[in-house]
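Okay, structure first, notes after.
Protein chains: 2
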Amino acid sequence: MDLLLLSNSTNHGRGFLEHAGDEVRDFLTGVDRLVFVPYALADHDGYTEKVRTALRDVVEVVGAHEREDPREALAGARAVFVGGGNSFRLLSNLRTRGLLDALRGQVRSGHLRYMGASAGTNMACPSLRTTNDMPIVQPPSFETLGLVPFQINPHFLDASPGSTHMGETREQRIAEFHEENDVPVLGLREGAWARVSGTAATLGGETGAVLMERGRPARELAPGSDLGFLLDAHPRFDEPAR
Amino acid sequence: MDLLLLSNSTNHGRGFLEHAGDEVRDFLTGVDRLVFVPYALADHDGYTEKVRTALRDVVEVVGAHEREDPREALAGARAVFVGGGNSFRLLSNLRTRGLLDALRGQVRSGHLRYMGASAGTNMACPSLRTTNDMPIVQPPSFETLGLVPFQINPHFLDASPGSTHMGETREQRIAEFHEENDVPVLGLREGAWARVSGTAATLGGETGAVLMERGRPARELAPGSDLGFLLDAHPRFDEPAR
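So this is what it looks like as C-alpha cells:
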C-alpha cells in the first residue's frame, strides 16, 4: 500500500499543494494519469480544474465525476487523489457511487496509490469520528476506508492561550473521542502529512504532529518521526472508558 | 410551548449560567423541580452536581440518570434542562433511553418547559446538522427534537480577520450546509439565546446573532430582535442548491 495523507491541501499564503510539491511529485513517480475525486465540494468541475492546473507539470488529471460510473475512471488507474472539503458530503457520495468498496479494494491490493488531503485524509482512517467538519448531510454509516488502523485529525490546531471562546479546544474534542473509543489519534498540523509505504510510515512536512491516546498524555512528534508503530494499532470503537 | 435556547452555559470568566441568570429565573417561575439531562458529558453525577449548585437558590434539580428509567424523572415534571457537551453523544443517549419521543411529546403539548444550552440547544432544532461538535459516536439518525422549524448554530463565531488557519470559518461551514439544505440557520453568539413562548420568539442576551439563509447575504440581528418569523420556516433537508 502506498498512501500520502496530507493535513491540508493549501498552506496559508501559498498555492494549492505547493507546500507539499516535492513529496507529491515523488509520490506520483511513474504515474501518467491521476484520478481526482471532487465530491467533498459542490462544484466538481471547478474543483477538478483547480487540481488539473496545480498538477499540470506533474500528471494528467481525470475527474472521477467525468465518467458516468466513476468506478470506470478508477479501472486501471495507478493513483487517486481524494480532495478536501466537507467529509460528511464526501463519505455520502463515495457510498452512493460505490466508490468506497472500489477504492478500498484497489488501494489495499497495492494497485492504486492513495493521496488524500483533509477530508480525503479522514477517509483513509477507519471512521469519520475525528473529522472537524459540520455534519451537513447524513451518511448511512461513519465507517470510512480503513486503510490505516488509527485515526487522523487533519488541520490539527493547538489551543490558543488568549482565547475567550468557550467552545471545546481540539484537544478537548479528541479527549471526548477517547472517552468513547480506544483508538490512537494523530493530530496533523497544517503543513504536515503521513506517508505510508507498505509497513513503513513517516511524518512529513515541517510542522509536526501530536499523538493522542486514551489514558496517556498527548505526545509531540517531530517532523521526520517514524510512524510505523501506528500501523500495528488495534482500534476499538464504542468502548466507553467509564 | 416554552423554550429557552442558550448558545452556551458559561460565558468566559463567569460562573455556570451566570450570564443568563435573570432569564433563567424568569423562565423557571413557578417551577419547583427541574429535570437535568447530563448525557452530553461522560460524568453524569459530576455534571448534575454542578447544575444543582448553580441553581441551588432557584429550583430543586433532579438528574435524569438518577432514575432507572429516565422517563420516570420526566413524568409530572414542568421543566427540563438539557446541558451542553458533545451533541452526537447526547443524541445517541436520548435515543437509547427513549427520551427523544418523551421530550418531544411533553414539550410540544405545553406541559414541559424546555431549556437547552449548546448541545441541548442543538437538540431543539430539526436536525443535528448545524452542530460544531466532533462525531465521536454515531447516532442512528441526525433527526433531533424539532421543537422549532429552523436550525441554530450555538457558540457562533465570527471569522477572525488575522487568522492563518486554513480550516473553514463558521460562516463557510454554514454556507456548505446551505448547498445541501434549504433551512434558515440562526448563529447565536456566546452570551445570546432565543426564547420562545407559544407563537412569539425573541433574541435575548447582549451579543446578538447572525441569520444565514440560502441565497441571501447573512443578516445581523441585534439583541432584542423579534424572531417570530422563524417559527413559520419550512425546513427542507437534502435539497441540493445545484
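Residue numbers (this note's numbering), protein chains in the order written: chain H, 1 to 242; chain A, 1001 to 1242.
Just so you know, even glycine gets a beta-carbon here, dropped at the ideal spot from N, CA and C.
Output needed for residue i: all residues of its chain with C-beta closer than 7 Å, excluding positions within five of it in sequence on either side, in chain order.
i: glutamine 106 of chain H; result: Leu74, Leu112
i: arginine 89 of chain H; result: Tyr39, Ala40, Ile136, Val137
Report the partner residues of residue i according to the DSSP bridge assignment.
i: leucine 127 of chain H; result: Correcting the residue identity first, residue 127 of chain H is serine in this sequence and not leucine. Bridge partners of serine 127 of chain H: H:Glu143.
i: glutamate 1220 of chain A; result: A:Val1210
i: threonine 10 of chain H; result: DSSP lists no partner for threonine 10 of chain H.
i: serine 1197 of chain A; result: A:Asp1002, A:Ala1200
i: glutamate 60 of chain H; result: H:Arg33
i: arginine 1236 of chain A; result: A:Asp1182
i: arginine 1067 of chain A; result: DSSP, once it has assigned bridges, lists no residue as partnering arginine 1067 of chain A.
In three-state terms, what does DSSP make of residue i?
i: isoleucine 319 of chain H; result: Coverage of chain H is limited to positions 1 through 242, which leaves residue 319 of chain H absent and any answer about it impossible.
i: tyrosine 39 of chain H; result: coil
i: aspartate 1226 of chain A; result: strand
i: aspartate 1022 of chain A; result: helix
i: serine 109 of chain H; result: coil
i: phenylalanine 27 of chain H; result: helix
i: arginine 1095 of chain A; result: helix
i: serine 1118 of chain A; result: coil
i: aspartate 182 of chain H; result: strand
i: phenylalanine 1081 of chain A; result: strand
i: alanine 1075 of chain A; result: coil
i: leucine 1157 of chain A; result: coil
i: alanine 54 of chain H; result: helix
i: glycine 1046 of chain A; result: helix
i: alanine 102 of chain H; result: helix
i: leucine 1231 of chain A; result: helix
i: arginine 173 of chain H; result: helix
i: leucine 90 of chain H; result: helix
i: leucine 188 of chain H; result: strand
Am I right that residue i and residue j are in contact with their C-beta atoms under 8 Å? What's the rounded C-beta distance?
i: glutamate 1190 of chain A; j: methionine 166 of chain H; result: 6 Å
i: aspartate 1226 of chain A; j: threonine 1202 of chain A; result: 6 Å
i: proline 1139 of chain A; j: leucine 1091 of chain A; result: 4 Å
i: methionine 1001 of chain A; j: arginine 1108 of chain A; result: 6 Å
i: leucine 948 of chain A; j: threonine 1131 of chain A; result: Residue coverage of chain A in this structure runs from 1001 to 1242, which leaves residue 948 of chain A outside it and unanswerable.
i: glutamine 1151 of chain A; j: arginine 1173 of chain A; result: Between arginine 1173 of chain A and glutamine 1151 of chain A the Cβ distance is about 12 Å, and since that is not below 8 Å, they are no contact.
i: tryptophan 1193 of chain A; j: serine 1009 of chain A; result: At roughly 11 Å, the Cβ-Cβ gap does not stay under 8 Å, so tryptophan 1193 of chain A and serine 1009 of chain A are not in contact.
i: histidine 1044 of chain A; j: glycine 1063 of chain A; result: 6 Å
i: glycine 1083 of chain A; j: valine 1037 of chain A; result: 7 Å
i: phenylalanine 1081 of chain A; j: methionine 1115 of chain A; result: 4 Å
i: glycine 146 of chain H; j: proline 161 of chain H; result: That belief does not hold up - the Cβ atoms of glycine 146 of chain H and proline 161 of chain H are roughly 36 Å apart, past 8 Å.
i: glycine 1187 of chain A; j: alanine 1209 of chain A; result: 6 Å
Label residue i either buried or exposed according to how many other C-beta atoms from any shown protein chain fall within 10 Å of its C-beta, with 16 as the threshold for buried.
i: threonine 1164 of chain A; result: exposed
i: arginine 56 of chain H; result: exposed
i: glycine 98 of chain H; result: exposed
i: glycine 1076 of chain A; result: exposed
i: glycine 228 of chain H; result: exposed
i: histidine 12 of chain H; result: exposed
i: serine 1087 of chain A; result: buried
i: threonine 48 of chain H; result: buried
For residue i, which residues of its own chain have a beta-carbon under 8 Å away from its beta-carbon, when the five flanking residues on both sides are left out?
i: glutamate 168 of chain H; result: Glu176
i: valine 31 of chain H; result: Val59, Arg78, Ala79, Arg113
i: arginine 71 of chain H; result: Arg97, Gly98, Leu99, Ala102
Just to confirm my understanding: we take residue i, look at its own chain, exclude 5 residues before and 5 after, and list those with CB closer than 6 Å. What are they?
i: leucine 1157 of chain A; result: Arg1170
i: leucine 94 of chain H; result: Leu100
i: arginine 1219 of chain A; result: Leu1211
i: valine 1183 of chain A; result: Gln1151, Pro1235
i: glutamate 213 of chain H; result: Pro184
i: asparagine 181 of chain H; result: Phe237
i: alanine 119 of chain H; result: Ala40, Gly84, Gly85, Ser87, Leu90
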